[in-house]
Amino acid sequence: MGDAMRAASLSLAEALYVAGAPLRHVVQQSVSGPARLCVRAHQDNIAGVRLPRFETVLAGGPSSSSASLAGLAGGGQQVAACRAAHARALEVLVELASLQTSFLTLDAAIKTTNRRVNALENVVKPRLENTIAYIRGELDEHEREEFFRLKKIQGYKQRELERQKEAAARYAAEKAAGGGRAQAWRLHGHRRGHAR
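Counting along the sequence shown from 1, when you hit position 55 you're at 55 in UniProt numbering, and nothing is skipped either side.
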């Protein structure tokens, strides 16, 4: 860009030296109608970020005859060279503006993304980790309670089974002892009945 601007300034100085001081007025009077060189804006989408892009466009037809005749009295070639150098400088400036605007837009998008990443790392992630730790603690506590409850039930069933075994053993012992007495009584009663 520096070279293009330097060349444009140098060509302007040459044209002013050759054509003289009235060149400004001659050029200003020869310019009529809309500008031939226009800037068109587009948007490029790069990774979800809309970046503005500018390009120079020649509007209209060929250059007007009055603009091409500027400086004809003296220094016409220098005026044409100055015009071409400034057109090149303008194209470089438009490209630079496009790049600078894209860089600023990308910088803003990167800063926004960095803020989001920081929010995720410093706010959302710790909250989720705390929630996960709380849920794990609750699940561990629930598992311990369930284990304790199952042990209690198992102990209760074991005691109930032992009681049933003891009751069955007592019943069997009583039946064995009671059955012998009943037979002895029957025999004894039977004898008594015979005695009568």
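The beta carbon of each residue, even a glycine, is placed where N, CA and C say it ideally should be.
Per-residue burial, residue i [other beta carbons within 10 Å of its own, 16 or more giving buried]
i, result
"Ser32", "exposed"
"His86", "buried"
"Gln164", "exposed"
"residue 198", "No answer is possible for residue 198: it lies beyond the span of the chain, which begins at 1 and ends at 196."
"Ala41", "exposed"
"Ala97", "exposed"
Cα-Cα separation between residue i and residue j, rounded to whole angstroms
i, j, result
"Tyr171", "Thr131", "59 Å"
"Val57", "Ala84", "15 Å"
"Arg159", "Arg136", "34 Å"
"Ser66", "Leu51", "Because the pLDDT of Ser66 is 46, which lies under 50, any placement of that residue in the model is unreliable, and the question is left without a value."
"Leu93", "Ala119", "38 Å"
"Gly20", "Ala7", "19 Å"
"Pro126", "Leu104", "32 Å"
"Gln77", "Gly2", "23 Å"
"Leu150", "Glu141", "14 Å"
"Arg115", "Asp44", "24 Å"
"Gln100", "Ile46", "15 Å"
"Ile153", "Glu166", "20 Å"
"Ala133", "Lys157", "36 Å"
"Lys111", "Val18", "52 Å"
"Thr113", "Glu95", "27 Å"
"Glu138", "Val124", "21 Å"
Residue i - partner residues in DSSP beta bridges
i, result
"Cys38", "Val57"
"Leu51", "Asp44"
Residues of its chain near residue i, where Cβ-Cβ distance is below 6 Å and the 5 sequence neighbours each way are ignored
i, result
"Ser102", "Leu51"
"Leu69", "Low confidence applies to Leu69: its pLDDT is 49, below 50, so where it sits in the model is not reliable, and the reading given next is rough at best. Result list for Leu69: empty, nothing under 6 Å."
"Glu55", "Arg40"
"Leu12", "Cys82"
8 Å Cβ shell around residue i - same chain, five flanking residues per side excluded
i, result
"Ala59", "Pro34, Ala35, Arg36, Leu37 and Cys38"
"Glu146", "none"
Neighbourhood of residue i by C-beta, 7 Å cutoff - its chain only, sequence neighbours within 5 removed
i, result
"Met5", "Ala89"
"Val49", "Thr105, Leu106 and Ala109"
Start-end ranges of the beta strand (DSSP E) lying completely within the segment 78 to 129, minimum 3 residues
none
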